[in-house]
């Protein structure tokens, strides 16, 4: 039986690629875009199975209206894919307050608002699956991506808590965490005005590698999207789906280091408790 998807950030990259693949297999899609006309070729090909809406996810009222209209139009939506977002590459000190607000409003608050707008409909229909496109950067941190990481770590914490809140309503969640892939993401990254003191530091070194051709990107976006769809179709979705060997290696190393540091600090950590005798006397 065909399924219905609501996909934000579908103008290009993962969002468009996902829309193309699920439409090709017979599913229906509500796709939101920031660039009008960007999906005209798919509309011509798939007709009424594809509904396209302009949406800036940083505008909560528009998000609610768009989500409400999508459910009214299609009746049931099986998958909510919160995918809209962008990156900033530069040291935190270089990033302007306006740039900070923009990325938080889009990547973090925008994702929260999209998911929250869908919840009443998912509860009413008795089930649903929510896929939040995050990043390997939701579990690890690279210099120069501090604001991007703030949004990805933030949305992962939100989703992990929310999944437990709505589990009684048969609403499932999956955090998709791609590593670097050969999409247009790098080209869309905002670069703050540089501060020369950061030349030769890790933040600028990484930026030079990313934009200077020194960054070998192994991730195949086509294979990543295929893996996303397979996981979404599984009897039970994995809660986290890392995509690509770079993501696996980076997150594995980060978690291993974090656990080692946790164990190294165990004595001082548990010393902050009341003693058993003190607790018994309370």
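In our numbering, the protein residues as written are 2 to 283.
For glycine and all other residues, C-beta sits at the position ideal for the given N, C-alpha and C.
Since the model is a prediction, treat every value here as computed from it, not as a measurement.
**Asked** Around the C-beta of residue 43, are 16 or more other C-beta atoms found within 10 angstroms, so that it is buried, or is it exposed?
**Response** buried
**residue 227 versus residue 278: straight-line alpha-carbon distance, rounded** = 57 angstroms
**Message:** Considering just the uninterrupted stretch of the alpha helix (DSSP H) at residue 90, what are its terminal residues?
**Reply:** Element bounds for residue 90: n/a, residue is neither H nor E.
**Asked** Is residue 130 helix, strand or coil by DSSP?
**Response** strand
**Asked** For residue 241, does the three-state DSSP call read helix, strand or coil?
**Response** strand
**Asked** Near residue 183, what residues of its chain come up, given a Cβ to Cβ distance below 8 angstroms and the 5 sequence neighbours on each side ignored?
**Response** 218, 220, 221 and 222
**Asked** When you compare each of 2, 37 and 118 to residue 29 by their alpha carbons, which one comes out closest?
**Response** 2
**Prompt:** Can the beta-carbon of residue 107 be found closer than 8 angstroms to that of residue 93?
**Reply:** no
**Prompt:** Is the CB of residue 39 under 8 angstroms away from at least one CB in chain C?
**Reply:** Absent from the structure is chain C; it holds one protein chain and no more.
**Secondary structure, alpha helix (DSSP H): runs of 4+ residues fully inside the segment 37-71** = 41-47
**Request:** Write down the C-beta distance between residue 89 and residue 191 rounded to the nearest angstrom, noting that I regard them as a contact closer than 8 angstroms.
**Result:** 5 angstroms
**Prompt:** When we look at the beta-carbon of residue 137 and count the other beta-carbons within 10 Å, is it buried (16 or more) or exposed?
**Reply:** buried
**Prompt:** Where does residue 208 land, buried or exposed, given buried means 16+ other C-beta within 10 angstroms?
**Reply:** buried
**Item:** Close Cβ partners of residue 40 (< 8 angstroms) along its chain, the five nearest in sequence each way excluded
**Value:** 11, 12, 17, 20, 32, 34, 51 and 53
**Item:** For residue 189 and residue 161, the rounded distance between their alpha carbons
**Value:** 28 angstroms
**Runs of beta strand (DSSP E) wholly within the segment 165-215 (minimum 3 residues, chain order)** = 172-179
**Asked** Based on the DSSP output, what are the partners of residue 82 in its beta bridges?
**Response** 8 and 132
**Item:** Neighbourhood of residue 74 by C-beta distance below 7 angstroms, restricted to the same chain and skipping five residues each side
**Value:** 52
**Item:** Helix, strand or coil at residue 35 [DSSP, three-state]
**Value:** coil
**Asked** If you check the beta carbons only, do residue 166 and residue 244 fall under 8 angstroms apart?
**Response** no
**Request:** Let me know if residue 119 comes out buried or exposed under the rule of 16 or more other beta-carbons within 10 Å of its beta-carbon.
**Result:** buried
**Request:** Compute the beta-carbon to beta-carbon distance between residue 131 and residue 113, rounded to the nearest angstrom, for a pair I have assumed lies under 8 angstroms.
**Result:** Not quite, the Cβ-Cβ distance comes to about 11 angstroms (not below 8 angstroms), so this is no contact.
**Item:** Straight-line gap, residue 77 to residue 45 (C-alpha atoms, nearest Å)
**Value:** 23 angstroms
**Beta-carbon separation (whole angstroms), residue 105 vs residue 87, contact threshold 8 angstroms** = Not really, about 12 angstroms apart at Cβ, beyond 8 angstroms.
**Prompt:** So what's residue 16 in DSSP terms, helix, strand or just coil?
**Reply:** helix
**Request:** May I ask you to report which of helix, strand or coil DSSP gives residue 114?
**Result:** helix
**Message:** What would DSSP say about residue 26, mapped onto helix, strand or coil?
**Reply:** coil
**Asked** For residue 55, which residues of its own chain have a beta-carbon under 8 angstroms away from its beta-carbon, when the five flanking residues on both sides are left out?
**Response** 33, 34, 35 and 37
**Asked** What's the gap between the Cα of residue 204 and the Cα of residue 156?
**Response** 23 angstroms
**Item:** Pairwise C-alpha distance: residue 273 and residue 267
**Value:** 10 angstroms
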